[in-house]
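So the structure is just underneath, and the comments pick up after that.
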Amino acid sequence: MAEIRHRFIETNGIRMHVAEAGEGFPVVFCHGFPELWYSWRHQLTALAEAGYRAIAPDMRGYGETDAPADPAQYTMKVLCADMAGLLDALGLERAVFVGHDWGGAVVWQMGLRYPGRVAAIVGLNTPYAPPSNRRTTEALRDYHGLTDATFYMRYFLKPGVAEAELEADIEKTFHKVFMDWTRAEDFTTFMTVGGDGSGVLARIPDDRRSFLSEEEIAVYVGAYRKTGFRGGLNWYRGADLNAEEADAPKGPQLHVPAMMITAADDTILKPEMAAAMPALIPGIRMEHLERCGHWTQQERPAEVNRLLLEFLGSLGLPRS
């Protein structure tokens with residue numbers, strides 16, 4: 001198995017931890033909440049063994065990367081500048097960008113903001129949506145037909161509240177968070193803050209069912225015991241500020257080779273949310289995984305790796 005190497009770089013005013021494996025054309029993996037570079041471990045080794053240079057940072061606010069306290073430091077303008085700075089620090093002109101959850105939002109924005117640095121984009125679960133002046137947390141609340149009290153993004157905006165719940169028992173938190181497709185109902189409970197505003201975890205049973213091993217969960221538990229959840233929560237707290245950005249990219253179309261992978265049992269980032277993408281990204285490859293929940297690259301690594309390697313192979317990129 002390919003060795004995973006670790007280093008620190010300076011980018012966009014922060015110190016960033018980066019894991020990488022292999023040599024060849026670079027592929028940058030951007031994780032979401034509440035994850036780490038580690039959520040891409042299966043992809044790092046598979047792509048390295050196929051002749052690519054796989055790069056997975058702890059994104060701003062996570063793991064061993066700096067976590068500024070101000071939510072204004074987590075807008076898409078800032079987060080994409082982090083990724084451009086990552087390429088600069090590694091001496092790379094372009095890369096393929098792969099993103100999941102919040103990382104998916106970043107990689108689609110990279111195509112708008114830094115098209116010259118982006119060779120292709122792969123999104124997992126998170127659809128591309130043209131830039132809008134609507135506030136992100138309000139737009140998604142309304143899409144799901146929920147209220148401020150029953151939509152997790154709005155619950156996360158209250159300073160200290162979500163931190164207190166998620167950090168009360170971090171091991172229990174990750175057993176409840178990392179649920180597979182058979183627990184889609186529990187994932188909806190998370191999204192709806194228990195259905196009554198009681199908390200994202202309060203009404204999810206603590207039955208220790210997860211698709212991750214105890215050893216894998218321990219990696220997340222160890223990292224978050226050091227950092228807490230504030231850095232990741234700041235992505236939500238900064239999200240509505242994107243609507244206020246002057247001279248933000250307009251879209252609506254995105255002209256870059258792309259692939260979108262949806263998951264049938266993700267009840268937050270629903271597959272139907274990606275339905276308009278072929279009209280917005282000409283030539284996009286659309287893929288769909290049945291019996292798959294939100295944590296796609298960790299729950300279904302073999303299928304994700306196969307799709308990634310097929311797509312990368314179609315681009316004719318140089319390999320080591």
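Letter by letter, the sequence shown follows residues 1 to 320 of full-length UniProt numbering. Ideal placement from N, C-alpha and C gives every residue a C-beta, glycine not left out.
Judged by DSSP secondary structure, Ile261 falls within the beta strand (DSSP E) whose first and last residues are 258-263.
Cβ contact annotation for Thr262 (same chain, cutoff 6 Å, sequence separation greater than five): Pro271, Ala274, His288, in chain order. Distance from the CA of Gly116 to the CA of Gly99, rounded to the nearest whole angstrom, comes to 18 Å. Counting C-beta pairs closer than 8 Å gives fewer than three between the segment 146-155 and the segment 288-307, which falls short of the contact rule. Rounded to whole angstroms, the gap between the alpha carbons of Pro252 and Leu90 is 31 Å. Remark: C-beta atoms of Ala120 and Leu315 approach each other more closely than 7 Å.
One Cα belongs to Ile284, the other to Ala168, and the distance between them is close to 43 Å. Between the alpha carbons of His255 and Arg113 lies a gap of roughly 12 Å. Residue state for Leu280 is assigned as helix, using DSSP reduced to three classes. Under the Cβ criterion (8 Å, minimum of three pairs), the segment 19-30 counts as touching the segment 91-111. Within the model, the alpha-carbon separation for Gly51 versus Leu312 is close to 11 Å. By the 16-neighbour rule on beta-carbons within 10 angstroms, Pro71 is buried. Excluding its 5 nearest sequence neighbours in each direction, Ala149 has C-beta neighbours in its own chain below 8 Å: Tyr155, Val193, Asp196, Gly197, listed in chain order. When secondary structure is reduced to three states using DSSP, Ala202 falls in the coil class, being assigned neither helix nor strand. Listed in chain order, the alpha helix (DSSP H) elements of length 4 or more contained wholly in the segment 69-111 are 76-89.
The segment 221-233 makes contact with the segment 155-164; the number of CB pairs closer than 8 Å reaches 3 or more.
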